[in-house]
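First the structure, in the form of structure tokens, and then the observations on it.
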Amino acid sequence: MMKKTRSHLCGKMSSSSTTNTTSSTSRREHEDETEWERRPGGMLVQKRNEKDKALLNVRLRVLYGVLRYRISVNSQATFGEVKKVLMGETGLQVGEQKIIYRERERGNKEYLDRCGVKDRSKLILMEDPTSIERRYIEMRKNARIEAAYEAISCVSMEIDKLAEQVYAIEKSILNGVKIPEIQITTLIEMLMRQAIKLDNISGEGDVSAKKLLQGKRVQQCVETLDVLKISNPRVKPPVVATAWEMFGPPPTTARWEFFN
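Throughout, my numbering is defined as the position within the sequence shown, counted from one, plus 2.
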């Protein structure tokens with residue numbers, strides 16, 4: 003009897019061991035087949051299929067001033083990912099957004115599910131005050147740049163007109179035509195006024211390059227006129243032959259007649 007019992011127990015233990023081994027092997031095979039994914043925060047989690055992801059989406063109501071938005075995101079997304087979705091809706095960059103949930107500002111790396119965000123939860127979107135100030139400064143900077151471009155454009159048009167006059171004077175002098183020096187001097191003064199206008203325009207980068215280009219044009223025109231002043235033909239004053247009227251000798255002294 004003892005032997006039979008022992009044999010029976012051994013049989014049960016062997017069967018149980020085989021079953022555990024098979025279960026362990028099956029579990030390892032299942033784990034090997036499991037796919038993993040890394041979440042934005044760096045956490046390694048089991049990868050879900052598209053059907054599971056669809057079930058995890060939550061609909062959120064976002065209040066931005068008087069505007070209302072409705073978006074759908076994954077419940078395990080971060081608030082930073084929510085901001086990326088709102089960027090397409092509002093036009094605000096991620097760094098310009100502040101999201102308030104349950105009267106507390108949420109960081110970009112905080113997860114919705116860990117903060118208790120559920121379907122149809124309400125979020126408050128605000129614009130970061132520092133971003134408003136930066137945008138205001140940027141707008142003023144852009145306005146100054148546009149004003150500088152417009153001023154340079156006006157000066158450029160004036161230089162175009164004066165350059166045409168310089169070309170006309172140069173052509174005349176080369177053809178031997180005498181140009182009054184006062185005309186050349188006046189043209190030089192007008193060019194120098196444009197140079198002063200360029201100096202009063204402030205700007206950097208492309209604005210500075212355009213100023214330099216127009217300044218070189220003014221300098222070339224002035225240098226051309228300085229050369230033309232020297233080569234301007236010297237016209238000899240006309241010689242007028244005056245016909246002098248010839249008079250005879252002065253009359254003699256009259257004789258006076260004496261009477262008694």
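Glycine residues also receive a C-beta, built at the ideal position from the N, C-alpha and C atoms. Quantities reported herein were computed from a predicted structural model and do not represent experimental measurements.
- How should Leu176 be labelled, buried or exposed, when 16 other C-beta atoms within 10 angstroms of its C-beta is the threshold for buried? Numbered from its first residue, the sequence shown carries residue 176 at position 174. Exposed is the call here.
- Task: Express the C-alpha separation of Ser174 and Val237 in angstroms, rounding to a whole number.
- Result: Counted from its first residue, the sequence shown places residue 237 at position 235. Counted from its first residue, the sequence shown places residue 174 at position 172. Unreliable positioning characterises Val237 in this predicted model, as indicated by a pLDDT of 46, which lies under 50. The coordinate reading is nonetheless provided below. Rounded to whole angstroms, the gap between the alpha carbons of Val237 and Ser174 is 14 angstroms.
- Query: Taking Glu83 as the reference, which of Leu227, Tyr103, Gly109 and Ile190 has the closest Cα?
  - Reply: As a first step, residue 83 is located in the sequence shown; it is residue number 81 there, counting from the start. Per the Cα distances, Gly109.
- Task: Please list, in chain order, all residues of the same chain as Arg72 whose beta carbon is under 8 angstroms from its beta carbon, the five residues on each side excluded.
- Result: Your numbering for residue 72 matches position 70 in the sequence shown. Same-chain partners within the cutoff: Arg61, Leu62, Arg63 and Val64.
- Query: Are there 16 or more other CB atoms within 10 angstroms of the CB of Arg116, so buried, or fewer, so exposed?
  - Reply: In the sequence shown, residue 116 corresponds to position 114, counting from 1. Taking all protein chains in view, the Cβ of Arg116 is surrounded by fewer than 16 other Cβ atoms within 10 Å, so the residue is classified as exposed.
- Whose C-alpha, out of Ala145, Glu129 and Leu215, is nearest the C-alpha of Val96? The sequence position of residue 96 within the sequence shown is 94, counting from 1. When only C-alpha atoms are compared, the closest one is Glu129.
- Task: Return the first residue and the last residue of the alpha helix (DSSP H) that Leu215 is part of.
- Result: Position 213 of the sequence shown, counted from the first residue, corresponds to residue 215. From DSSP, the alpha helix (DSSP H) with Leu215 extends over Asp208 to Ser233.
- Query: Taking the continuous alpha helix (DSSP H) assigned at Gln196, which residues delimit it?
  - Reply: Sequence index remark: in the sequence shown, residue 196 carries index 194 (1-based). Run containing Gln196: Glu183 to Asp201, per the alpha helix (DSSP H) assignment.
- Where the alpha helix (DSSP H) containing Gln167 begins and where it ends: The residue you call residue 167 lines up with position 165 of the sequence shown. From DSSP, the alpha helix (DSSP H) with Gln167 extends over Pro131 to Leu176.
- Task: Compute the Euclidean distance between the alpha carbons of Leu164 and Cys156, then round it to the nearest angstrom.
- Result: The residue given as residue 164 occupies position 162 in the sequence shown. The residue given as residue 156 occupies position 154 in the sequence shown. Taking the straight line joining both Cα atoms gives about 13 angstroms.
- Item | Length of the line joining the Cα atoms of Glu140 and Ala150 | In the sequence shown, the residue the question calls residue 140 occupies position 138. In the sequence shown, the residue the question calls residue 150 occupies position 148. Between the C-alpha atoms of Glu140 and Ala150 there is a straight-line separation of about 15 angstroms.
- Val87 lies in the alpha helix (DSSP H); which residues open and close that run? Taking the first residue of the sequence shown as position 1, residue 87 is located at position 85. Here the alpha helix (DSSP H) through Val87 covers Phe81 to Thr92.
- Leaving out the 5 sequence neighbours to the left and right, which residues in its chain are closer than 7 angstroms to Glu160 when beta-carbon positions are compared? In the sequence shown, the residue the question calls residue 160 occupies position 158. Scanning its chain for C-beta atoms nearer than 7 angstroms, with the 5 sequence neighbours on each side dropped, one finds around Glu160 the residues Gln196, in chain order.
- Query: Between which two residues does the beta strand (DSSP E) carrying Gln95 extend?
  - Reply: Start at 1 with the first residue of the sequence shown, and residue 95 comes out as number 93. Counting along the chain, Gln95 sits inside no beta strand (DSSP E), nor does DSSP assign it H or E at all.
- Task: State the DSSP-derived secondary structure class of Leu125, mapped to helix, strand or coil.
- Result: What you label residue 125 is simply residue 123 of the sequence shown in a count that begins at 1. It is a strand residue.
- Please report how far the alpha carbon of Arg187 lies from the alpha carbon of Lys213, in whole angstroms. As a first step, residue 187 must be located in the sequence shown, where it is residue number 185. As a first step, residue 213 must be located in the sequence shown, where it is residue number 211. It is worth fixing the name first, because residue 187 is Thr in this sequence and not Arg. The straight-line gap from Cα to Cα measures roughly 24 angstroms.
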